[in-house]
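Just so you know, the sequence shown maps onto residues 13 to 217 in our numbering.
Just so you know, even glycine gets a beta-carbon here, dropped at the ideal spot from N, CA and C.
Just so we're clear, the structure is a prediction, and the values are computed from it rather than from any experiment.
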Amino acid sequence: MKISQERLEELRKIFKEDFKADLTDQELHDAAFNLTGFYGTLTKMATRDIDDYLRLEKEPNGWAISDEYGTCGFCGYYMSVKGFWFDRFGFKCKFCQKAVNEGIIPGTVCRNKEKWFSFETLKEKFGIHSTTARSLVRKGELNARVILNDTGKPHFTVFLREDNYKFLKIEKEAPISDLEDYDKQVAKWAEDYKKKMVEGQKSGK
Ligand SMILES: [Zn+2]
């Protein structure tokens with residue numbers, strides 16, 4: 013299969029933005045070819061997501077993940093820290109999960125990267141360097157939410173759109189993200205599945 017350079021560059025961008033990974037050309041080619049087996053994997057993932065959705069109805073607070081390391085769905089850090097957690101806002105490291113539980117950040121921001129900025133994206137999108145951002149925070153012009161680690165030190169700093177849209181001169185509301193769209197789709201699949209199960213039970217009697 014021949015993959016165009018344009019598609020490869022799109023894929024490179026996805027790895028960078030969603031997984032914070034800088035791939036070499038070889039790695040990128042490997043990833044692209046692995047994607048040929050992608051659709052089978054996708055079906056399995058969708059099935060798992062529907063299972064999770066149904067389980068969340070019984071366990072709305074979510075559950076602990078027994079993996080000892082993983083990549084947090086919010087801060088994006090790959091960590092060998094126990095205490096990963098899954099709930100309706102996705103898979104999170106224990107620091108980000110605690111921040112959601114304690115209301116430091118609203119859980120909904122975990123499903124939409126347009127709802128918040130990091131030091132990195134402030135620089136990328138608005139040309140605000142981290143030193144400038146820090147001084148703007150001190151002046152009270154930018155509002156930061158700080159996620160702390162176990163030792164009370166900053167783990168990840170977040171600038172919510174809803175806190176900073178006026179200063180950044182952007183819309184208050186973020187456009188719906190692919191993840192939010194996908195969550196809706198999973199909910200629909202799960203509801204359809206439940207309906208079918210009920211119908212199946214009725215016709216079985
Ligand atoms: Zn995290």
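The C-beta separation of C122 from G102 comes to about 5 Å, placing the pair in contact by the 8 Å criterion. Here K165 carries a coil assignment [DSSP, helix/strand/coil]. Relative to the Cα of K32, the nearest Cα in the group I140, G85, E183 and G212 belongs to G85. Between F131 and the set V149, G115 and G119, the nearest pair of CA atoms involves V149. Annotated three-state conformation of V158 is strand, per DSSP.
In the DSSP assignment, K104 falls within the beta strand (DSSP E) that extends over G102 to K104. According to the DSSP assignment, D34 belongs to no beta strand (DSSP E), since it is labelled neither H nor E.
Taking the C-beta atoms as reference points, N161 is found no nearer than 8 Å to N176. Take D61, set aside five residues on each side of it, and the residues of its chain with a beta-carbon closer than 6 Å to its own are V198, in chain order. Beta-bridge partners assigned by DSSP to Y90: T83. Using a C-beta cut-off of 8 Å, the segment 184-199 makes no contact with the segment 133-144, since fewer than three inter-stretch Cβ pairs fall below that distance. L54 and I77 have their alpha carbons spaced roughly 21 Å apart. Contact between F171 and W128 is confirmed by a C-beta separation of about 6 Å, below the 8 Å threshold. Ligand 1 has a heavy atom closer than 7 Å to the beta-carbon of Y89.
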